[in-house]
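Shown next, in structure tokens, is the structure this report addresses.
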DNA sequence: CTTGAACCTACAGCCGCTGTAGACCCTATA
DNA sequence: TATAGGGTCTACAGCGGCTGTAGGTTCAAG
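Chains as they are written, first to last, in the working numbering: chain A, 1 to 142; chain B, 1 to 142.
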């Protein structure tokens with residue numbers, strides 16, 4: 001029987017995060033001691049490890065929920081699992097592409113700025129005048 | 001004199017976002033009509049455009065605040081501006097590196113899974129057993 | 001003068017946690 | 001068996017950066 005702290009340590013999760021996963025229904029409600037403390041078994045530990053690993057790979061909690069549901073029906077086709085992973089890969093690729101564009105623009109800005117004073121700073125000029133900017137960026141974030 | 005809606009249209013910002021920027025002190029409190037509606041001038045428009053452009057380049061609101069403060073003292077050295085941009089570039093590069101690792105891992109997972117049934121699905125196996133995974137990922141997100 | 005689009009404030013919600021306060025429990029040692 | 005102190009409990013607020021809603025007011029065109 002594992003306390004929540006042990007679970008946390010074993011999976012590299014914060015205690016509050018585990019409680020949060022329980023709250024949103026990603027982790028099951030575990031048994032309790034007489035005093036009301038959570039006690040877990042190996043199944044729950046595995047589930048939490050699965051969740052954490054999927055998080056590390058960038059899957060959203062919603063996607064993880066889907067994967068966990070799918071893995072509960074072992075006889076079904078795994079095409080849906082593939083689709084979830086494929087979707088995740090596409091998202092990651094899109095983020096990389098966007099960040100690459102930002103990286104290039106930032107590098108250009110930095111390399112062009114040889115000014116001393118703020119008044120002549122190319123970086124601020126580029127930020128002020130969108131026209132100076134080569135890239136036409138998508139949405140901010142990521 | 002520009003209404004908030006015009007400001008929004010000109011800069012591709014949502015009206016609420018502009019009010020939010022005002023709330024957190026990134027945009028100044030503008031003048032008002034007798035009826036209490038915000039009216040802006042060109043200076044505010046430029047400032048908002050600056051903010052949006054910097055956001056598109058991935059700068060945090062805190063970094064943007066810093067850049068705006070710096071651009072208010074045109075006689076100072078622009079070394080600090082460079083430092084902010086440099087920091088941003090480093091962050092972008094770090095995110096790219098992390099996402100690249102995820103991309104590779106996801107591709108590997110997908111290419112290895114030739115199973116039909118969920119029970120044999122490599123993707124789920126990799127997620128279950130961290131050992132199967134090559135990369136040792138950092139923090140989730142980005 | 002009327003209409004209806006735009007604007008106002010205030011607040012809740014998104015994601016995925018993280019931190020806090022104040023109380024309670026569990027276990028090891030004296 | 002009493003106590004100390006670390007772990008755990010609930011409940012809620014806060015992060016970043018917005019976005020959406022409700023319910024009301026104002027502005028400008030016709």
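Quick reminder that beta carbons are idealized off the backbone N, C-alpha and C, glycines included.
| query | result |
| --- | --- |
| I'd like to know whether the C-beta atoms of residue 103 of chain B and residue 44 of chain A end up nearer to each other than 8 angstroms. | no |
| One question on the structure: do residue 11 of chain B and residue 52 of chain B come within less than 8 angstroms of each other, judged by their Cβ atoms? | yes |
| What does residue 74 of chain A touch in chain B if you count any residue whose Cβ is under 7 angstroms from its own? | 117, 118, 119 |
| Closest to residue 77 of chain B by CA distance: which of A:18, A:120, A:48, A:101 is it? | A:120 |
| Should the segment 103-115 of chain B be regarded as contacting the segment 70-88 of chain A, the criterion being three or more beta carbon pairs within less than 8 angstroms? | yes |
| Any Cβ of chain A within less than 8 angstroms of the Cβ of residue 7 of chain B? | no |
| Closer than 7 angstroms between beta carbons: that is the criterion. Which residues of the segment 51-65 of chain A meet it against chain B? | 53, 54, 55, 56, 57, 58 |
| Leaving aside the five residues before and after residue 141 of chain B along the sequence, list all residues of the same chain whose C-beta is less than 8 angstroms from its C-beta, in chain order. | Below a pLDDT of 50, predicted positions are generally treated as unreliable, and residue 141 of chain B, at 42, falls in that range; the measurement from the model is reported next regardless. If we look at residue 141 of chain B and ignore the five residues flanking it on each side, it has no Cβ neighbours. |
| According to DSSP, is residue 76 of chain A helix, strand or coil? | coil |
| Would you say residue 69 of chain B lies against chain A (beta-carbon separation less than 8 angstroms)? | no |
| Report the neighbours of residue 85 of chain B on chain A: residues whose CB is nearer than 7 angstroms to its CB, in chain order. | 106, 109, 110, 123 |
| Which value, in whole angstroms, describes the spacing of the CA atoms of residue 13 of chain B and residue 98 of chain B? | 30 angstroms |
| Pick from B:79, B:58, B:128, B:74: whose alpha carbon is nearest that of residue 95 of chain A? | B:58 |
| Run through DSSP, which three-state label would residue 141 of chain A get? | Bear in mind that a pLDDT of 43 at residue 141 of chain A, under 50, signals an unreliable position, so the model cannot answer this. |
| Just to confirm, are residue 128 of chain A and residue 69 of chain B a CB contact at a threshold of 8 angstroms? | no |
| Residue 88 of chain B versus chain A: which residues are under 7 angstroms apart at the beta carbon? | 106 |
| Within 10 angstroms of its Cβ, does residue 79 of chain B collect 16 or more other Cβ (buried), or is it exposed? | exposed |
| What does the Cβ neighbour count give for residue 109 of chain B, buried or exposed, with the cut at 16 atoms within 10 Å? | buried |
| For residue 2 of chain A and residue 31 of chain A, what's the separation of their Cα atoms in angstroms? | 10 angstroms |
| If you reduce the DSSP assignment to three classes, tell me which class residue 31 of chain A lands in. | strand |
| Based on the DSSP output, what are the partners of residue 2 of chain A in its beta bridges? | A:40 |
| Leaving out the 5 sequence neighbours to the left and right, which residues in its chain are closer than 8 angstroms to residue 29 of chain B when beta-carbon positions are compared? | 22 |
| To which residues of the same chain is residue 49 of chain A closer than 6 angstroms at the C-beta, ignoring the five residues directly before and after it? | 11 |
| Enumerate in chain order the residues of its own chain whose CB-to-CB distance from residue 63 of chain B is below 6 angstroms, with the five nearest sequence positions on each side excluded. | 84 |
| Applying the criterion that 16 or more other CB atoms from any shown protein chain within 10 Å of the CB defines a buried residue, is residue 123 of chain B buried or exposed? | buried |
| What is the rounded straight-line gap between the Cα of residue 71 of chain B and the Cα of residue 89 of chain B? | 19 angstroms |
| Counting along the chain, where does the alpha helix (DSSP H) carrying residue 63 of chain B start and finish? | 61-71 |
| So, is the C-beta of residue 148 of chain B closer than 8 angstroms to a C-beta in chain A? | There is no way to answer for residue 148 of chain B, as the model of chain B reaches only from 1 to 142. |
| Just curious, the alpha helix (DSSP H) that residue 118 of chain B is in, first and last residue? | Element bounds for residue 118 of chain B: n/a, residue is neither H nor E. |
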